[in-house]
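Read through the structure below, which is laid out as structure tokens, and then see the notes.
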Amino acid sequence: MVSNAQVVYWNGLGRALVTGSYLNGNILKPYSDSTDQANIVTQYKDSTSARKSTDGYTIFDLGVNAQPNEALRASATLRLSNSFGGFYGDGSQFIFRQLRLDGIIGKKVKYEIGDIDLELSKYTIFNSNEIYNDYESDIIAQRRSVVEYENFNFGNKWRLQGAHIETGLRFEQGIEKLGLRAFATRNRRYTPSITPDRYMMGGRVELVQSRMLQVGGNYVYIFDAAGTVSSPGLTNQNQVLTGDWKVTHYMDKIDLSFYGEAGKSNNKYAVIEKDSVKTDDYFYDLGLSAKYKPWLLKLFVNYRNVGADFFSSGAQTRRVNDYGYNGPHGNNTLGMFDQVQNNAVQRATIGGATLLDYVSDQNLRNLNLKNTLMAFNPAYNNITPYGQATANRKGLTIGASLGNAEKVVKADFVADLLSEVASQGDTVDNALRKFTGLKGGAMVNIHKLLRFEKNIIFTAGARYEKTTRGGVSPVDLQSTLIDLGLTVEVVKNLDLIGGIKTITAKGNEYIYVRNDFNQIRTDNPFSNYKLDQSQFLSTFGARYRFSKNTYFTVNGVTQSVKFDDASYNNYKINQIFFNYTMIF
Numbered sequence: 023m024v025s026n027a028q029v030v031y032w033n034g035l036g037r038a039l040v041t042g043s044y045l046n047g048n049i050l051k052p053y054s055d056s057t058d059q060a061n062i063v064t065q066y067k068d069s070t071s072a073r074k075s076t077d078g079y080t081i082f083d084l085g086v087n088a089q090p091n092e093a094l095r096a097s098a099t100l101r102l103s104n105s106f107g108g109f110y111g112d113g114s115q116f117i118f119r120q121l122r123l124d125g126i127i128g129k130k131v132k133y134e135i136g137d138i139d140l141e142l143s144k145y146t147i148f149n150s151n152e153i154y155n156d157y158e159s160d161i162i163a164q165r166r167s168v169v170e171y172e173n174f175n176f177g178n179k180w181r182l183q184g185a186h187i188e189t190g191l192r193f194e195q196g197i198e199k200l201g202l203r204a205f206a207t208r209n210r211r212y213t214p215s216i217t218p219d220r221y222m223m224g225g226r227v228e229l230v231q232s233r234m235l236q237v238g239g240n241y242v243y244i245f246d247a248a249g250t251v252s253s254p255g256l257t258n259q260n261q262v263l264t265g266d267w268k269v270t271h272y273m274d275k276i277d278l279s280f281y282g283e284a285g286k287s288n289n290k291y292a293v294i295e296k297d298s299v300k301t302d303d304y305f306y307d308l309g310l311s312a313k314y315k316p317w318l319l320k321l322f323v324n325y326r327n328v329g330a331d332f333f334s335s336g337a338q339t340r341r342v343n344d345y346g347y348n349g350p351h352g353n354n355t356l357g358m359f360d361q362v363q364n365n366a367v368q369r370a371t372i373g374g375a376t377l378l379d380y381v382s383d384q385n386l387r388n389l390n391l392k393n394t395l396m397a398f399n400p401a402y403n404n405i406t407p408y409g410q411a412t413a414n415r416k417g418l419t420i421g422a423s424l425g426n427a428e429k430v431v432k433a434d435f436v437a438d439l440l441s442e443v444a445s446q447g448d449t450v451d452n453a454l455r456k457f458t459g460l461k462g463g464a465m466v467n468i469h470k471l472l473r474f475e476k477n478i479i480f481t482a483g484a485r486y487e488k489t490t491r492g493g494v495s496p497v498d499l500q501s502t503l504i505d506l507g508l509t510v511e512v513v514k515n516l517d518l519i520g521g522i523k524t525i526t527a528k529g530n531e532y533i534y535v536r537n538d539f540n541q542i543r544t545d546n547p548f549s550n551y552k553l554d555q556s557q558f559l560s561t562f563g564a565r566y567r568f569s570k571n572t573y574f575t576v577n578g579v580t581q582s583v584k585f586d587d588a589s590y591n592n593y594k595i596n597q598i599f600f601n602y603t604m605i606f
């Protein structure tokens, strides 16, 4: 391309979805069909709650990119959407989904202004996955990709509004490169009338001495601007400063690395200057790895200690609201069959969001960086509910990986052997929780093993967690998650696809209730939460691939939810799901 030539080009996505759902099970039946005699007084036949629903939409996202020269590119994504049931423009919307300016100044400094995506390290800015899904079936992962696209979940980046600049200086001797990044963003408001604007500033300095030594520093400062609303409830300032490094020794067949990150946080909440709550804490995370290059085999071991009061808003904010979101029926709203038991109970309060909600409810995801730790369901992730930066954790993580997705086999295994740093929930014996976590899986390209031309891909993954504690407030919780998937190309571009995802949780855990200052509430500090439930999600169907990025799928879906200690709440959701997606 000639640098002074003006170029205009387009990209985008078109998608049409239709979902038909049917609810049944004990939750709709009268007491006589229930097995729990203790609830005879409260159980009645549900005659008013919705049992069937059909919804969907058609969207067309058109990205318009104008680049008059290499120093400037203006891009806008325009969305035209129509909800299922709208005719002749009724229910149609036209909005700007994304606006961004970016370019290169003086062939040295990259910049972007507007809607940007940011990620630093796992302890500063990082959007952690909501559940272990490394070996999720293709058919479920494709369903998940729809809600990730709608919520700008691109990898582990957070979608923010602001400016970001990046540059690199190269040297002829001593060091290879010095990289500099800086950003300033504005967070979304929670409640415009009382929640002040929240800003985030920070950056990264990275020194590359050679391919054998890299050292970096990260700084993130998040603060509330009290003057942006007349009566702010409170303001928050959160600072995180970390340093990271990686030292690698290269040999013919083996690479050895020592890497890590360490830092501290400073957190302050205030209503007025003389009424404030301050906390400080630190963390360190050290690791060793060895890679045997001929086999693509990697072994690693990590030790980390994350203080009980370490807080990083950009790294510990959760991606998903496990117990629903603020909707028309309150804070525990779900998008599908939200109310049950004659419209008197919200489904999210009965065990929380399900596996099917995770991959289908677009409103369940969180787009704001929070200034307190969010509630979570311990059945899904009790060891690291806030990612690797989860506070009050110390111990070893060991693991191994083999191959990659282009080889016959890709597999990995990770074990967490952790405990609390400080006791939470046992004020008498000060007993510590102990956490044991095992996770891993494999993807097998059977067609490559058998030298078939058409794809046959099998995936399997599992995650097991066990939490225990003695003392006067004992904890004993176990949960197991299993993924299975199979994709078979029967004729060219036509795939039969299937997947299963299950989770079981049994035992008890104490759930913390936190106040606006991120402190555990003294009036209701710990709730002994008992779990005895299982979920089974299965989906099978067909997919036709018109091209690499254009396909049509039709899937049958079954989700069953069972509560062994409250079988009158058991329910099942059956679905038929159609998805046409075109990316250009």
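Residues 23 to 606 (our numbering) make up the sequence shown, in order.
Where a beta carbon is used, it is the ideal one built from N, C-alpha and C, also for glycine.
Note that the structure is predicted; figures quoted are calculated from it, not measured.
Judged by pairs of C-beta atoms under 8 angstroms, the stretch 413 to 428 touches the stretch 316 to 326, as three or more such pairs exist. With a threshold of 16 other beta carbon atoms within 10 Å, I519 meets it and is buried. Remark: C-beta atoms of G47 and K523 do not approach each other more closely than 8 angstroms. With three or more CB-CB distances shorter than 8 angstroms, the stretch 229 to 240 counts as touching the stretch 263 to 273. A direct Cα-to-Cα measurement between D246 and G349 gives close to 25 angstroms.
Just measuring C-alpha positions, the residue of M222, L471, G462 and Y534 sitting nearest L506 is G462. If the five residues before and after N173 are omitted, its C-beta is found closer than 6 angstroms to the C-beta atoms of R387, all from its own chain and listed in chain order.
With respect to H186, I127 sits apart: the two C-beta atoms are not nearer than 8 angstroms. For A93, no beta strand (DSSP E) run applies, since DSSP gives it neither H nor E. Taking 8 angstroms as the cut-off, the beta carbon of N596 is found closer than this to the beta carbon of T580.
Annotation: the continuous alpha helix (DSSP H) that includes S167 extends over D160 to E172. Here R369 is not bridged, per DSSP, to any residue.
Cβ neighbours of D448 within its own chain (closer than 8 angstroms, five residues either side excluded): R491, G493, V494 and S495. Check the Cα spacing between R220 and each of L356, Y347, L202 and S335: the tightest is with S335.
Rounded to whole angstroms, T561 and R233 show a C-alpha spacing of 46 angstroms.
N414 places its beta carbon 8 angstroms or farther from that of E487.
Between the stretch 398 to 412 and the stretch 351 to 369, the count of C-beta pairs closer than 8 angstroms stays below three; the two stretches do not touch. Using a Cβ distance threshold of 8 angstroms, N365 and S71 count as a contacting pair.
Looking at the DSSP output, S114 sits in a beta bridge with N104. Sorting T412, Y31 and D77 by C-alpha distance to the C-alpha of S287 places T412 at the top.
A38 and N571 have their alpha carbons spaced roughly 14 angstroms apart. About 6 angstroms separates the Cβ atoms of I161 and N577, confirming a contact at the 8 angstroms cut-off. Residue state for N364 is assigned as coil, using DSSP reduced to three classes. Between L256 and Y291, the gap from beta carbon to beta carbon is short of 8 angstroms. Sorting L100, L310, K199 and V512 by C-alpha distance to the C-alpha of V269 places L310 at the top. Measuring C-alpha to C-alpha distances from Y573 to each of I605, N343 and D434 identifies I605 as the nearest.
By the criterion of at least three beta-carbon pairs nearer than 8 angstroms, the stretch 359 to 376 is not in contact with the stretch 173 to 182.
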